[in-house]
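Using the working numbering, read the sequence shown as starting at 26 and increasing by one per residue. Ideal Cβ placement from N, Cα and C applies to all residues, glycine included. Here the structure is a predicted model, which means the values were calculated and not measured.
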Amino acid sequence: MGNISAVTDAEFEAQVLKSDKPVLVDFWAEWCGPCRQVAPILDEIATAHGDKVTFFKMNVDENPVTPSSYRVTGIPTINVYQGGEVVKSIVGARPKAKLLDELSEFIA
């Protein structure tokens with residue numbers, strides 16, 4: 026899982042929704058091939074931009090409540106939360122350049 030911390034249903038509100046800065050949450054599962062493809066890319070982005078955005082991973086099998094409440098039906102889903110709201114949602118694996126482009130407003 027690299028350098029991105031896990032977040033659980035129980036911690037979600039405090040860690041993500043009440044954060045002062047944008048929070049990226051990668052919804053994933055062990056059995057998800059595309060999730061495994063995107064994980065090292067997110068690790069690289071987190072290493073480079075962790076000062077601007079907080080990064081978390083949430084295993085959807087171990088934490089079903091939060092993904093359900095945000096209608097996460099396909100994984101990987103990457104949601105960016107700001108001020109307690111979803112401000113960006115990316116569904117499916119992307120190459121690093123595309124992810125950086127889609128997240129540019131938060132990491133610039």
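Residue i versus residue j - alpha carbon distance
| i | j | result |
| --- | --- | --- |
| methionine 26 | threonine 102 | With a pLDDT of only 46 at methionine 26, under 50, the local geometry of the prediction cannot be trusted, and the value read off the model is given with reservation. Their Cα atoms are separated by approximately 16 Å. |
| glutamate 127 | alanine 35 | 29 Å |
| serine 93 | glutamate 130 | 26 Å |
| serine 30 | histidine 74 | 15 Å |
| isoleucine 132 | alanine 39 | 22 Å |
| threonine 98 | threonine 33 | 17 Å |
| serine 44 | cysteine 60 | 25 Å |
Test item: CB-CB of residue i and residue j under 8 Å
| i | j | result |
| --- | --- | --- |
| phenylalanine 52 | isoleucine 115 | no |
| valine 50 | valine 63 | no |
| aspartate 68 | asparagine 28 | yes |
| isoleucine 66 | lysine 121 | yes |
Local Cβ density within 10 Å of residue i, reported as buried at 16 or more and exposed below that
| i | result |
| --- | --- |
| leucine 124 | buried |
| threonine 91 | buried |
| alanine 71 | buried |
| lysine 82 | buried |
| arginine 96 | exposed |
| alanine 118 | buried |
DSSP three-state assignment for residue i, whether helix, strand or coil
| i | result |
| --- | --- |
| glutamate 55 | coil |
| isoleucine 29 | coil |
| lysine 113 | strand |
| valine 91 | Reading off the sequence, residue 91 comes out as threonine, not valine. Three-state DSSP puts threonine 91 in a helix. |
| leucine 128 | coil |
Exercise for the section: Take every Cβ of the stretch 70 to 79, pair it with every Cβ of the stretch 108 to 118, and state whether three or more of those distances are shorter than 8 Å. Expected result: no
Problem - Cβ pair count under 8 Å reaching 3, the stretch 82 to 93 against the stretch 40 to 57 - result: yes
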